[in-house]
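With this note's numbering applied, the sequence shown corresponds to residues 1208 to 1254, in that order.
Yeah, the Cβ is synthetic: ideal placement off N, Cα and C, and Gly gets one too.
The structure appears right after this line, and notes come after that.
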Amino acid sequence: MTILFELLMVKVGFIRYTGWEWWYSVPYYIAAFFFVRWHLFFLRKGS
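Given below as structure tokens:
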């Protein structure tokens, strides 16, 4: 979903890549997804 939003923003001209490709973002989104899940687990465990 985030990749589609990013591609839409490129298509409408809101984002312009300079030295970056859209597929470079995929591993970062995957890593962020797992980090946020871990962080939520960590916060709930501490409470």
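Round the Cβ separation of residue i and residue j to the nearest angstrom and send it over; I've been treating them as touching at under 8 Å.
{"i": "residue 1229", "j": "residue 1214", "result": "6 Å"}
Specify, as a first and last residue, the run of the alpha helix (DSSP H) that residue i falls within.
{"i": "residue 1245", "result": "1232-1253"}
{"i": "residue 1213", "result": "1209-1219"}
So, residue i versus residue j, is the Cβ gap smaller than 8 Å?
{"i": "residue 1210", "j": "residue 1243", "result": "no"}
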